[in-house]
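Here is the structure we will look at.
Structure, rendered in structure tokens:
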């Protein structure tokens, strides 16, 4: 389960960066919202999987509620999921 969470965490972080960089660039600079639609749905699914897996892994990883809060908050901060992988999952 931990390895699955690491994969989802990585993919969620990459999809978030793509959405915030390419998606918003194309939407506002080129007036083309298609990339937001392309990256938005996969990112949303990966985000929900990240949250569910983090809550599921809380007991297995022996995280306190504070650590769980940090893991959950990292999903909305750019590069946050990469920090979680390095600090909490390795």
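In this note's numbering, the protein residues as written are 8 to 97. Backbone N, C-alpha and C define an ideal beta-carbon position, used for all residues, glycine too. Predicted model, so just to flag it, every value in this text is computed and none were measured.
Nearest by alpha-carbon distance to residue i: which of the options is it?
i, options, result
"residue 19", "38, 36 and 61", "61"
"residue 45", "12, 58, 94 and 30", "30"
"residue 25", "91, 94, 93 and 86", "86"
Would you mind stating whether residue i and residue j have Cβ atoms separated by less than 8 Å?
i, j, result
"residue 9", "residue 96", "yes"
Pick helix, strand or coil for residue i, following the three-state DSSP scheme.
i, result
"residue 92", "helix"
"residue 9", "helix"
"residue 55", "helix"
Note down the Cα distance separating residue i from residue j, rounded to an integer number of angstroms.
i, j, result
"residue 50", "residue 23", "6 Å"
"residue 99", "residue 15", "Summary: the structure shown does not reach residue 99, with the chain confined to residues 8 through 97, and so no result is reported for it."
"residue 48", "residue 42", "10 Å"
"residue 28", "residue 88", "16 Å"
"residue 72", "residue 79", "10 Å"
"residue 40", "residue 32", "9 Å"
Unbroken stretches of the beta strand (DSSP E), 3 residues or longer, contained in the region 13-50:
none
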